[in-house]
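The structure appears right after this line, and notes come after that.
Chains as they are written, first to last, in this note's numbering: chain A, -6 to 105; chain B, 12 to 147.
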């Protein structure tokens, strides 16, 4: 793919990934066939900031985990009062990284 | 979720659950005004959907099934998980299998379906309303 197109994609989507993953994504995109651009550019990524807000407001009920697609963890959090409140607080710090990991898993399905 | 991560998480949760039960077993805290550990209840004064689960599990362990339903029906779910998951994990570890992980992933997929998720969410909300009206 053209480097310009790829750089444009990276610039708009850098906040959805961990910084150390961005170089690998860029290289894979440049090596990729042009026909898959439509799929790559229409991918739905989750915003880490949104999940942090959800985690602070409704993390006690596990809503943040449900939104990420970790239904099992969400139910565990809901049933245990947010892990007796401890897990809720731990997740305020973990949830942004977890969102970026989920985004990486999603884009990896298209890249490889 | 990878097999080992799931099993470590689940066994940690089970151990924490058993310790929590052991700590609370002999306390006869039944009055509703007592402040529990629940942050949501401390902040707002309203019980959360899972408030009363400890009391429910303890009632079930003591053989008082009606009490279990009254305090919080979630207690039956938790009791089941606390009993079954250590046995299942032990079975998987002994036979070097991953049946629990497969079942977990299947259940996650099932729960994401709209026609399964919506009734369950409604049940949780109804249970929450009941919790608030009971004044747990």
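All C-beta atoms in this analysis are idealised placements derived from N, C-alpha and C, irrespective of residue type, glycine included.
Every value quoted in this text rests on a predicted model; they were computed, and no experiment measured them.
The beta carbon of residue 69/A sits closer than 8 Å to some beta carbon of chain B. Between residue 22/A and residue 36/A, the C-beta spacing is not below 8 Å. For residue 37/B, the secondary structure class from DSSP, reduced to helix, strand or coil, is coil. For residue 10/A, not one C-beta of chain B is nearer than 8 Å to its own C-beta.
Within the same chain, Cβ atoms closer than 8 Å to the Cβ of residue 25/A are found at -6, 33, 104, the five residues on either side in sequence being excluded. Restricting attention to alpha helix (DSSP H) runs no shorter than 4 residues, the region 44 to 74 of chain A encloses them at 56 to 61, 64 to 72, ordered along the chain.
Minimum Cα-Cα distance from residue 71/A among the listed residues 93/A, 57/A, 11/A corresponds to 57/A. Residues of the region 59 to 77 of chain B whose Cβ lies closer than 8 Å to any Cβ of chain A, in chain order: 59, 60, 61, 62, 64. Ranked by how close their Cα comes to the Cα of residue 115/B, the residues 30/A, 68/A, 4/A have 68/A in first place. In the structure shown, residue 108/B adopts coil according to DSSP, grouped into three states. With a threshold of 8 Å between beta carbons, residue 86/A makes no contact with chain B. Between the region -2 to 13 of chain A and the region 49 to 66 of chain A there are fewer than three C-beta pairs closer than 8 Å, too few to call the two in contact. Judged by DSSP secondary structure, residue 14/A falls within the alpha helix (DSSP H) whose first and last residues are 12 to 24. Annotation: residue -5/A is outside any alpha helix (DSSP H) and is labelled neither H nor E by DSSP. In the three-state reduction of the DSSP assignment, residue 61/B falls in the coil class, being assigned neither a helical nor a strand state.
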